[in-house]
Structures are given as C-alpha cells and as structure tokens.
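Note sheet for the following structure.
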C-alpha cells in the first residue's frame, strides 16, 4: 500500500517519508495508474510457483526467457516471425521487469498468434543485467517451433554471414553465438 497509490510511485513520488521516491517512469500519477491497470491480470492464476531453470529439450516450459545481445535479439525476432505473415510478431513493453518477463508473455501465450516480448528494458532492472544484453520472452511451444526451423532460417543466409564478421568475436577471438545461430 503506497500512499497516493502505485501511480505516485511510478511517477514523481511523494513527500511522505515512508514512501519510496518516484521512479519517474511516467509523467504523472494518472498516466502511471492507467498503464498499471492495463497490465494483464489473472494470467498466472492456477500456478503455485515459478521455477526458473536452464532450457533442456525434455522440458515443456510455459515460457522461455532468453538473454541475448543485440545481434542475437535480431536473430530471435527474425526466427520468431519466420512463419508469420505479419510484421509485428514481437512487442516491447514499458512495464516493470517482472510484468514484461512473465505476466505479458503469459497473457500472450493464450492468444491465437502470441507475440514474443522484448524485455529487460525496465530502467530499475537494467543495473542487474549485462549492459550489452536484453531478453526476449515467448511461449515454450513457440520456442520449440523456432528450434525446429533453425536449419531453414536466416542463419544460413548471406545476410547473416555479414553479422558473423570479425567484429562479433569475443576477447578470446571466438565467435559469440548461441545454439540458435
């Protein structure tokens, strides 16, 4: 219970000493409250806990969160949209970290054409995430579908070969890629 409401906390804060300073993530309390009210509700009902663990092929996860660098994010976005006709198969939110990583993807997975969610953009969260990383969350079944089509996708194209140029090597000289690339 934040004095003045969550909108005050997300915007300018208050002068009451027990209230945290405002995050200045929204211009005013009314706009912040409207954003907060638009975040999906009830999408995680029925779950007793959230278990985070590295992906394995024998898992059947509800949501997959992948931390990526900008090149990997581009590849994940292309691969996620590879079999879709629309241009907007992913969204980026201005929601807080836990909402963008979990609540919004859980809401998306109930849709006929769920969108991947670009996350780790919450300014309050950025200090704990590598400065060169973002994350992308999606339903587990979409991630598994992406794994099935990697051989026919962009990773074997001339366009992607340009991304694999020497400037994309780590300090040890090795290329920096995930199994998807």
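Numbering (this note's numbering), first residue to last: 1093 to 1273.
Every residue, glycine too, gets a C-beta built ideally from N, C-alpha and C.
What you are looking at is a predicted structure, and each value in this text was computed from that prediction instead of being measured.
* To do: Using three-state DSSP, classify residue 1157 as helix, strand or coil.
  => Reading the chain shown from its first residue, position 65 is the one you call residue 1157. Here residue 1157 sits in strand by DSSP.
* Asked: For residue 1223, which of 1214, 1230, 1229 has the nearest alpha-carbon?
  -> Position 131 of the chain shown, counting from 1, holds the residue named residue 1223. Closest by alpha carbon: 1214.
* Asked: Whose CA, out of 1243, 1239, 1236, 1209, lies closest to the CA of residue 1159?
  -> Here residue 1159 refers to the residue found at position 67 of the chain shown. Nearest of 1243, 1239, 1236, 1209 to residue 1159, Cα basis: 1209.
* Mind the definition here: the stretch 1134–1151 touches the stretch 1118–1126 only if three or more C-beta pairs lie below 8 Å; say whether that holds. => no
* In whole angstroms, what is the alpha-carbon distance linking residue 1270 and residue 1187? -> Translated into positions along the chain shown, residue 1270 becomes position 178. Translated into positions along the chain shown, residue 1187 becomes position 95. At residue 1270 the pLDDT is 47, less than 50, meaning the model places this residue with poor confidence; the figure from the coordinates comes in the next sentence. Residue 1270 and residue 1187: Cα-Cα distance of roughly 27 Å.
* **Run of the beta strand (DSSP E) containing residue 1230, from where it starts to where it stops** => In the chain shown, the residue the question calls residue 1230 occupies position 138. 1226–1231 is the span of the beta strand (DSSP E), which, as asked, contains residue 1230.
* Span of the alpha helix (DSSP H) around residue 1209 -> In the chain shown, counting from the first residue as 1, residue 1209 sits at position 117. Here residue 1209 belongs to no alpha helix (DSSP H); instead the beta strand (DSSP E) covers 1208–1211.
* Is it buried or exposed for residue 1172, if we count other Cβ within 10 angstroms and need 16 for buried? -> Working through the chain shown from its first residue, we reach residue 1172 at position 80. Residue 1172 is buried by the Cβ-count criterion.
* Residue burial classification, residue 1155 (beta-carbon count within 10 angstroms, cutoff 16) -> As a first step, residue 1155 must be located in the chain shown, where it is residue number 63. Buried is the call here.
* Asked: If you draw a straight line from the C-alpha of residue 1099 to the C-alpha of residue 1220, how long is it?
  -> Counted from its first residue, the chain shown places residue 1099 at position 7. Counted from its first residue, the chain shown places residue 1220 at position 128. Residue 1099 and residue 1220: Cα-Cα distance of roughly 24 Å.
* **Own chain partners of residue 1121 with C-beta closer than 6 Å, once the 5 adjacent residues on each side are dropped** => The sequence position of residue 1121 within the chain shown is 29, counting from 1. Taken in chain order, the residues that qualify are 1099, 1100, 1103.
* To do: Entirely within the stretch 1139–1190 and at least 4 residues each: give me those alpha helix (DSSP H) ranges in chain order.
  => 1162–1173
* Asked: Shortest alpha-carbon distance to residue 1169 belongs to which of 1136, 1115, 1234?
  -> Taking the first residue of the chain shown as position 1, residue 1169 is located at position 77. Closest by alpha carbon: 1234.
* To do: Note down the Cα distance separating residue 1135 from residue 1151, rounded to an integer number of angstroms.
  => The sequence position of residue 1135 within the chain shown is 43, counting from 1. The sequence position of residue 1151 within the chain shown is 59, counting from 1. About 21 Å.
* Measure the CB-CB distance between residue 1191 and residue 1115 and report whether it falls below 8 Å. => For the purposes of this step, residue 1191 is taken as residue 99 along the chain shown, with counting starting at 1. For the purposes of this step, residue 1115 is taken as residue 23 along the chain shown, with counting starting at 1. For residue 1191 and residue 1115, no; Cβs fall outside 8 Å.
* **Alpha-carbon spacing of residue 1166 relative to residue 1242, whole angstroms** => Here residue 1166 refers to the residue found at position 74 when the chain shown is read from its first residue. Here residue 1242 refers to the residue found at position 150 when the chain shown is read from its first residue. For residue 1166 and residue 1242, the distance between alpha carbons rounds to 14 Å.
* So, helix, strand or coil for residue 1196, using DSSP? -> Taking the chain shown and counting its residues from 1, one reaches residue 1196 at position 104. Residue 1196 falls in the helix class under three-state DSSP.
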